[in-house]
Structures are given as C-alpha cells and as structure tokens.
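Have a look at the structure below before the remarks.
Number of protein chains: 2
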Amino acid sequence: MITIKDIAREAGVSPSTVSRVLSNHERISEETKRKVRDIMIKLNYHPNIMAQSLVSKTTNTFAILLPRPAEELFQDVFFGELLRGILASSSKHHYDTLLTSTSSTYDEDELINRLVLGRRVDGVILLSSRLEDKLIKRLNELNFPTVIIGRTEEEQQLLSVDTDNVQASFDATTHLINQGHKKIGFIGGSSNLTVSIDRLEGFKLAMNKAQLPINEDWLMDSDYLQQSSFRAISTFFQDENRPTALVVMDDHLAFGILRTMNELDIKCPKQISLVSFNNIPLAQMASTPLSSIDIGTYQLGYTASQLLIKRLTQPSTVLNERVIIPHRLVIRESSLNYIHS
Amino acid sequence: MITIKDIAREAGVSPSTVSRVLSNHERISEETKRKVRDIMIKLNYHPNIMAQSLVSKTTNTFAILLPRPAEELFQDVFFGELLRGILASSSKHHYDTLLTSTSSTYDEDELINRLVLGRRVDGVILLSSRLEDKLIKRLNELNFPTVIIGRTEEEQQLLSVDTDNVQASFDATTHLINQGHKKIGFIGGSSNLTVSIDRLEGFKLAMNKAQLPINEDWLMDSDYLQQSSFRAISTFFQDENRPTALVVMDDHLAFGILRTMNELDIKCPKQISLVSFNNIPLAQMASTPLSSIDIGTYQLGYTASQLLIKRLTQPSTVLNERVIIPHRLVIRESSLNYIHS
DNA sequence: CTGAAAGCGCTTACAG
DNA sequence: CTGAAAGCGCTTACAG
C-alpha cells in the first residue's frame, strides 16, 4: 500500500507538503502541486480514508437506521425508492451511506453506541415512525445529527422529513366523497405506526366535514387483516350493508383487496371504489388500475439526506427543522365511474 | 469524547492495558479486567472505530456496488429482498455495509479507487451481470475480495453467487410444454444482461428437447417493449398465429402483459398462459395469480455476504468459488387449465 | 501480568 | 512557499 511518505520521497518534498497538495492548500506553489500530483497519478495513490477520518474527526458517512423488523419494509418498493433518493443526494455530496438494521432492542442500543460513540458515522437517517421510539430519545439526548423520516410524538431537537398524512388521507377521502360516495370505509396499516394514526384522522376529518357518518365496522387495520388473511374481508364484503368505497393504506393491500373482490365477483370501481397510497409502479398494472396518493417517496429520501448534510456542514441549521414533502392524488380507474344509487 | 487514556487514568493502569482488556487479552488478570470494564461502562466508553481500523488495516465493512443506472433496480422488490439477505448475514457477522451507486463509468473508477485503494472497505459485493464489465476486470486485477451476484463471461479469480438461469428457464418452459402448449413465446429482459441471454438459452433448449419449433416472431426483449409501451405486444397478441403461452422475464413484465390481455379481452390462462420469474409477493395477487420461478432472492443475498466474509476471514478460501442457489417453480393459475385445441 | 515506546497514515499549528 | 514535530486514538512487539 502506497502512502504519503512514498509520494514525498519520490517527489523530493516533505509529507506535509504532499498532504497540503492533497487538500489543495493555497500556499503551495503550482509547480510543486503539479509535480506531486503527477507522482500520485503515476503511483496510483489514494489517501487512506481511515487515517483521514481519525485526524479530521469526521467520517463523511452517515447511517440509515432501519426499524426492526426490516422484513416487511424490504417487501415494499416504497423502501427501494426511499433508498434511491437518499443515495442520489448523498453520493452527490460525497457522503457514504451505511445501511444498518437490528433485530432487537438490545441490538439497537449496541448499534447506536458503536456508530455514534464509536465515531463511525457523522449522522443518521432514521426510518421509523413508531410512537415512543427509544432510539429517537437516545439520539436526541446525545444531540447527534439525525433526520427522521416520519413523525414522532414528542417535540425533539431533531430534523425530520415527512408527508402530511392527515392531509393526504383527507384528500383521498374527499376525492371519493366527490365521486358521490357516502358509505366509505378505511383499511389502515399497523395500528401503532403514526402513519396509520394520521391517515385515519384525515379520513375522519373528511367524513366529518362532509357530514357523513363513520361506521366503526368499516374501519379495519392490517394487523387484523394479516392474521385472518382476507377471510375477514370476504365476510365484510358480503355484508348487505357494505361501503361503496374504501381508503386503503397502501397499494399492496389494495391489490389483495382487488383480488378478494375478483373472487367474490364484486366489481371495482362500480360496486366498490378504491383509493390507496404510495403509487407503486405496479399500481397502474392492477386489473383495475389503482388510484393512489403519490407521496413522493424518492423526494422524501433525497430531502432527508440533503437536510442531514446541511446540518453537518452548516452549523447554523435550525435544529428541529421539519420538511413536508407534497403529495398528489393520481386518479385511475379504481375510483371512477361509480354508479350512483 | 472519551478515550482509552481517560479509562486508563481512571482505572490507574496504562492505556496498553485498557486496550488489552478491550480485546480480551488472555494475560490480563480477571481483576484488572473487571475494574477496567466497570469504568468503561461507567463512562460509557466505546472505542473509536477509525483508530482501530487504522492500526488493524481492516474496516469490518464491505460495500454493495450497484450497477449504473440504479433506477430500474430499485423499482423492483427483488432488490430489496437481496439487500435484506445481505444485511442479515453481514450484521450477524458484525460487518457494516456501505451502499454505493454511480452514475457514470468515470464515477465507477473513482469509486473503486476510493473504496479499495483508500482502504475504505475490506471487500465488495457486486450486483452486476453485464457482459464485459470493466469493474469486474479491475477488481480482479487488484485481487480485491469480491463476490459477484450474477454471472460474467470471463473466468475470473472472483467469487460468485448465482441462479442457474438456463436451468430455471428450461424448467419454466418445460412446465408449459407439459401443460400441452406447443406454441410458446419468450419475453426477455434487457438484451445485454447475462440473465436474459441465459434464460433465452434455457427456453430454446427446452423447446428443442421437446422438438417444438421456435418462432422468431415470438421472441421479444423488454428494451423493445419499453419504448413501444405494450403497443407492440397488442399487435402481436392480435395476430391470428399467436403463441398459447409465454415465458416472461419477470413478474412486473407479466403484470403489464396481463393488463394488456385484459384490455384485449384475452383470457389468462385459457387463451394465453404465463410463467414468469422472481415470484414477488404481489405475484399471487395478480388478477390471474402468476406462476413464477422463485429464485431464492433472499438466499442469494445471504449467501453472497456469507461467501465474502468467508473469503475475508479464511485465507484458504477457493478464489473462484461459485455457488448456485436452487430455484423452484411456484405454480399458480396463470399456467394451469389451458384448453387443448 | 503490565507498561513504555513505536507506529498505523494522515493533518496542522508553528516556525522560518 | 515548505518542513519538523506533535498528535488523532488505537494496537502490539519488546522488555520486565
């Protein structure tokens, strides 16, 4: 492995000078710079990054912390898009990205200690939206540069990027109301995620505003649905008093619902209309193309990374800045042409 | 930031001793160990990882190199599953994982130099299956610990993990033949990927073995399909002499085909049967649940990581070991109940 | 069983 | 404009 000393010897200068050439120090003569650089290229020299980190006390790296368990997350294209956004911004700013996940709360603590106290990374992006997240508390205590993708209950001194889920769900619901629906149900995600809670709230707000009744039997969450694997929903669908439209937490879930409807020979959108969230690429390929709220997943990731880098490079950054990424409703067949009764 | 010296002072020992406690050196008395460890915990000490790396000349980190452009890759759940597998194995063995992507060939070179020559990582996992990959050549030259997911043309001194794509495609095609199909088409992926080439080969082998004719008009690749956005395929479907079954490069593509068939009112599987690849979670949620080859994506990632770690920790590892992950055909409606004519 | 010293490959005041 | 020296936070022969 070739080092700064080798270059120095070959160029007939001191290691200090080589180091200064490396950082393009202004008080090094152009001639020396040229000479040293030529030799660097000739010997294919590249500075040892660990050595640089040690003295600069900076790693130019941040970690993406995945909530445990990561299984579900990875199943979703959503996650890939988010990563893509994060990477695009981080590599543009010459930051490396560490991808980390944990399998238990104990591991989480260990991980944070190792990464943060061990000076392994300069900051973290946290993909989490559980209520009462201990990780968040800890990062906040340590005053460690952190961007949360999603919302937390407490007001912390941390940066965050999020969708306005209340508004997004309000918009989705209102769209259905505008299509003439009065009997609308809501199929939520895991009930301890803030995203589920917020979207349910948005749904209720829209229903209230339109002075439509909310039928508790038409509110479900996917914790429940997964166990009973759509049998529950079949029963629900066969009820004579069923909703004519559903707001569904994500496109994958909507696919499952479409499938069940197919089997029961219930037509979408004529008998039951659907609007879901995330607008995955396959949404338009569904047997009935899905209306879906596009939450700008790539943008969410890109902005999170950008915000973190800003925090790391500009000390004046407001410590609890919160960025909301705009969403938009993409209307397709699944919520059109409802036949008014 | 608290260092080994702080611990040493507090414990009344030398920094060397603290370091030895850290690595659980055998010739340190249990009493000293206990004393030092208590203080470490009390002060919440964690060793500076960069300093450790500098002296050990090892980073306990490897990089996942994503082929450029990463866009398509991320669209696919396949990629998420792969990452999940890689992470599961790497975190189990206490390795960190850097996720890197590049946007140009120039960047690729820069990246390799920085990561490899800059001693940023101990090894790389390369997601690539282009023919003639310069990255691969370079890594091979440098004799840098590398695992390729996928196949390359040249025989290199590199480790690799792959699916037997020829066999997988042979199996898919044979399944259709066994269902009574004689007119079978093949919809490939991007034509410069080895995976496309191999699967086409497997398709042809199966057809030949069954002594069925291969109609060149029924062979397409998705480069072509994407531009013409399924209009091409419509024309193709409306031809009187069309195939009764298709082998399709991946589930996403199959969704698009199903959608087109829906529009043209061509029934799946009765009029055209389908078998595709990857078995994404949504495959079973398609309007006609998709028969698909499960290539064990998670396993592919897990094994790649495992192999790399083996190479890094056991110098005796065979340098060009190649692991094939078994595949299996998951049969669903899309390839059943074909009506023999 | 433990300590003093040298060194990993850089950077950066300080001095000239 | 450039060099010698100290130091970043560790590890590890060497010596005792």
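Protein chains in written order, with the working numbering: chain A, 10 to 350; chain B, 10 to 350. In this text, a Cβ means the ideal position worked out from N, Cα and C, and glycines have one as well. Here the structure is a predicted model, which means the values were calculated and not measured.
Next on the checklist: Please confirm whether residue 17(A) has its beta-carbon closer than 8 Å to some beta-carbon of chain B.
Outcome noted: Contacts with chain B at 8 Å (Cβ-Cβ) do not include residue 17(A).
Next on the checklist: Report the CB separation of residue 257(A) from residue 193(A) in whole angstroms; it is logged as a contact under 8 Å.
Outcome noted: With a Cβ gap of about 11 Å, residue 257(A) and residue 193(A) do not count as contacting.
Checklist entry - Who are the Cβ neighbours of residue 54(A) in its own chain at under 6 Å, not counting the five residues just before and after it? => result Counting only Cβ-Cβ distances below 6 Å, and skipping sequence neighbours, we find 11 and 16.
Next on the checklist: Considering only the alpha carbon of each residue, which of 340(A), 311(A) and 317(A) lies closest to residue 187(A)?
Outcome noted: Cα-wise, what sits closest to residue 187(A) is 340(A).
Next on the checklist: Just to confirm, is the Cβ distance from residue 72(A) to residue 44(A) under 8 Å?
Outcome noted: No; because the gap between Cβ atoms is not below 8 Å, this pair is not in contact.
Checklist entry - Which whole-angstrom value is the C-beta distance of residue 173(A) and residue 200(A), which I expect to be below 8 Å? => result At roughly 20 Å, the Cβ-Cβ gap does not stay under 8 Å, so residue 173(A) and residue 200(A) are not in contact.
Checklist entry - Which value, in whole angstroms, describes the spacing of the CA atoms of residue 220(B) and residue 183(B)? => result When rounded, the distance between both Cα atoms is 12 Å.
Item to check | Proximal residues of chain A, C-beta to C-beta of residue 268(B) below 7 Å | outcome: Listed along the chain, the chain A residues whose CB falls inside 7 Å of the CB of residue 268(B) are 294.
Next on the checklist: Please list, in chain order, the chain A residues whose beta carbon lies closer than 8 Å to that of residue 215(B).
Outcome noted: Here the premise fails: no neighbours, minimum Cβ distance about 28 Å.
Next on the checklist: List, in chain order, every chain B residue whose beta-carbon is nearer than 7 Å to that of residue 62(A).
Outcome noted: By Cβ distance, chain B contributes 59.
Next on the checklist: Using a Cβ-Cβ cutoff of less than 8 Å, which residues in the same chain neighbour residue 52(B) once the five nearest sequence positions on both sides are dropped?
Outcome noted: Cβ contact annotation for residue 52(B) (same chain, cutoff 8 Å, sequence separation greater than five): 11, 15, 16 and 19, in chain order.
Checklist entry - Straight-line CA distance for residue 228(B) to residue 209(B)? => result Distance between the alpha carbons of residue 228(B) and residue 209(B) is about 9 Å.
Item to check | For residue 46(A), the nearest candidate out of 58(A), 33(A) and 57(A) (CA to CA) | outcome: The shortest Cα separation from residue 46(A) among 58(A), 33(A) and 57(A) belongs to 33(A).
Next on the checklist: Under 7 Å, CB to CB, which of the residues in the stretch 111 to 134 of chain A have a partner in chain B?
Outcome noted: Answer set for the stretch 111 to 134 of chain A: 122, 123, 126, 127, 128 and 129.
Checklist entry - Going along chain B in order, which residues have a C-beta closer than 7 Å to the C-beta of residue 264(A)? => result Those are 291 and 294, listed as they occur along chain B.
Checklist entry - If you draw a straight line from the alpha carbon of residue 118(B) to that of residue 66(A), how long is it in whole angstroms? => result One C-alpha to the other measures close to 27 Å.
Next on the checklist: Determine, for residue 344(B), whether the minimum Cβ-Cβ distance to residues of chain A falls below 8 Å.
Outcome noted: So, not an interface residue.
Next on the checklist: Ignoring anything shorter than 4 residues, give me the alpha helix (DSSP H) runs that lie fully in the stretch 194 to 260 of chain A, in order along the chain.
Outcome noted: Fully enclosed alpha helix (DSSP H) runs of 4 or longer: 203 to 218, 231 to 237 and 240 to 247.
Next on the checklist: For residue 26(A), which residues in the same chain have their Cβ closer than 6 Å to its Cβ, ignoring the five residues on either side in sequence?
Outcome noted: Around residue 26(A), the same chain offers no residue with a beta carbon nearer than 6 Å, after the five sequence neighbours per side are excluded.
Next on the checklist: Looking only at its chain, what residues have a beta carbon closer than 8 Å to the beta carbon of residue 311(B), apart from the 5 residues adjacent to it on each side?
Outcome noted: Contacts found: 94, 95, 97 and 98.
Item to check | Closer than 8 Å to chain A by CB, residue 74(B) | outcome: With a threshold of 8 Å between beta carbons, residue 74(B) makes no contact with chain A.
Next on the checklist: Classify residue 236(B): buried if its beta carbon has 16 or more other beta carbons within 10 angstroms, exposed otherwise.
Outcome noted: Interpretation of residue 236(B) is limited by its pLDDT of 49, a score under 50 that renders its predicted location unreliable; the figure taken from the coordinates is listed afterwards. Around the beta carbon of residue 236(B), fewer than 16 other beta carbons lie within 10 angstroms, which makes this residue exposed.
Next on the checklist: So the candidates are 103(B), 275(B) and 344(B); which of them puts its Cα closest to the Cα of residue 116(A)?
Outcome noted: With distances taken between Cα atoms, residue 116(A) lies closest to 103(B).
Checklist entry - Sorted by chain position, which residues of the same chain lie with C-beta nearer than 7 Å to residue 223(B)'s C-beta, five sequence neighbours on each side aside? => result Same-chain partners within the cutoff: 213 and 216.
Checklist entry - Is it true that the stretch 133 to 153 of chain B meets the stretch 131 to 138 of chain A, where meeting means three or more beta-carbon pairs spaced less than 8 Å apart? => result No, the stretch 133 to 153 of chain B does not touch the stretch 131 to 138 of chain A.
Checklist entry - Which residues in the same chain have their Cβ closer than 8 Å to the Cβ of residue 281(A), if we skip the five residues on either side of it in sequence? => result So the qualifying residues of the chain are 246, 251, 252, 253, 254, 255, 270 and 275.
Checklist entry - So which of 319(A), 336(A), 337(A) and 338(A) has the shortest CA-CA distance to residue 2(A)? => result Outside the shown range of chain A, which is 10 to 350, sits residue 2(A), and nothing can be said about it.
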